[in-house]
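Quick note: the sequence shown uses the numbering used here, first residue 2, plus one each step. Every residue gets a Cβ at the ideal spot worked out from N, C-alpha and C, and that includes glycine.
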Amino acid sequence: MKPDLKQIQVPIENEMAQFELKFRDSMKSKVKLLDHITNYIVKRKGKQMRPMFVFLTAGVCGGINDATHRGAALIELLHTATLVHDDVVDDANYRRGFFSVNALWKNKISVLVGDYLLSRGLLLSVENGDFSLLKIVSNAVKEMSEGELLQIAKARKLDITEEVYYDIIRQKTASLLASCCAVGASSTDSNLETIEKMREFGEKVGMAFQIKDDLFDYGEDEIGKPVGIDIKEKKMTLPLIFALQKAEWLEKKKIINLIRNHSENKKAVNQVISFVKKSGGLEYAKTIMDSYYEEALDILKTFPESAYKTSLEGLVSYTIERKK
């Protein structure tokens, strides 16, 4: 049976409803333009998986309290700030199928909105003395920035090894989910061993989550025709890295040339996709994704049984069984 987000949310249904109201409150401003933009952001929210991870891990580790709610809001504020800034950096006009903030209000306002959200998150923690939570999330934002810059630096040379790839996704993606789980644990349990165990659990889930995203680029899992967006953006993902490692020198040179000089050409992108599929790149990436998934579940098995734990297991399954 495939995991369903509504079913997964059952033990934290009330908390998620409260979270939405508290999150809206945490973004309020006396400046009408700012309120107008933040309302636009809130109305176009995604699946809200990050707060779900915070609440469920808190439930597993002892119980959900006010600090848990603030931790969930802190993560969502800082994450939303990074998304607004990312859209400016990437010159992206869409976010989750809607116009991005920079597409509607231009870059200057977008950067300032991102800064505002960042400051609201910092103040929420400082005013309530949640310094342990602030430390966890601030470290994640640092890691995400470093991971993004490392990827940009390596993309210029197209020389990313498998080891460097894992470093990049650990920082870019897994660090945020790791912080969600560490914040959930820290909000309810001061035991450093428990917090670290949950941080590691979140990191494993984040690694599997990003590899799943990599596979979408090849049109797997009924997602439709191959899209090749990562290839167009010259991003070296795990299926491609594995395929290049296996390739003969001449074929490797040809594929790298296609990515470097012809990534806007649909035919060239399809050639790269075909090369990766024939080389077993997708199967290899799935194997690595499954190993991270199993490692995450092994960590979760060390915690007592509860409705929160069952839902958290379902949420982990959802991350690698989702269709988009």
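Quick check on the burial criterion: 16 or more other C-beta atoms within 10 angstroms. Buried or exposed for residue i?
i	result
Pro240	buried
Gln172	buried
Ile232	buried
Glu204	buried
Ala183	buried
Glu197	exposed
Ser111	buried
Asn40	exposed
Glu234	exposed
Thr174	buried
Thr1	Here the chain covers residues 2 to 325 and nothing more, so residue 1 does not appear.
Arg261	exposed
Ala269	buried
Gly47	exposed
Leu34	exposed
Ala18	exposed
Using the Cα positions of residue i and residue j, report the straight-line distance between them to the nearest angstrom.
i	j	result
Val317	Val206	6 Å
Leu118	Lys254	45 Å
Glu223	Leu251	The pLDDT assigned to Glu223 is 43, lower than 50, so where the model puts this residue is not dependable, and the model offers no usable value.
Asp215	Gln246	17 Å
Val11	Ser307	13 Å
Arg157	Glu265	16 Å
Val277	Lys23	46 Å
Gly220	Lys279	14 Å
Tyr152	Asn129	First, the residue type needs correcting, since residue 152 is Gln and not Tyr in the sequence shown. For Gln152 and Asn129, the distance between alpha carbons rounds to 36 Å.
Ile42	Ile169	27 Å
Lys29	Lys107	21 Å
Val55	Lys31	29 Å
Leu283	Thr69	38 Å
Gly225	Arg323	Bear in mind that a pLDDT of 44 at Gly225, under 50, signals an unreliable position, so the number given afterwards is only what the model happens to contain. The alpha-carbon atoms of Gly225 and Arg323 are separated by roughly 14 Å.
Met145	Val85	14 Å
Lys136	Phe217	33 Å
Glu149	Leu159	15 Å
Phe202	Leu79	21 Å
Arg200	Lys109	35 Å
Ala179	Asn258	36 Å
Lys155	Tyr319	31 Å
Glu296	Glu77	26 Å
Asp116	Arg45	19 Å
Gln49	Ile9	12 Å
Gly185	Gln272	44 Å
Arg121	Met53	21 Å
Tyr294	Gly315	12 Å
His263	Lys143	33 Å
Leu125	Asp87	23 Å
Val165	Glu16	38 Å
Thinking C-beta only, is residue j closer than 7 Å to residue i?
i	j	result
Ala209	Leu177	no
Met237	Ile289	no
Leu193	Val138	no
Phe20	Ala73	yes
Lys310	Val61	yes
Ser312	Leu6	no
Val300	Lys213	For clarity, residue 300 is Ile in the given sequence; the question names Val instead. The answer is no: Cβ separation not under 7 Å.
Ser187	Leu123	no
Val89	Asn66	no
Ile38	Val114	yes
Glu163	Ile242	yes
Let me check understanding here. Comparing Cα to Cα, which of the options lies closest to residue i?
i	options	result
Gly64	Asp5, Ile13, Cys181	Ile13
Ala286	Asn103, Tyr167, Leu259, Leu84	Tyr167
Arg25	Tyr309, Thr81, Lys267, Ile274	Thr81
Lys267	Ile257, Ile300, Gly229	Gly229
Cys181	Arg51, Lys109, Tyr319	Arg51
Gly281	Leu113, Gly47, Ala248	Ala248
Ser27	Met199, Arg71, Pro305	Arg71
Gln211	Ser120, Thr189, Ile256, Asp291	Asp291
Asp190	Met53, Ala59, Tyr294	Ala59
Thr83	Tyr294, Ala244, Met53, Glu147	Glu147
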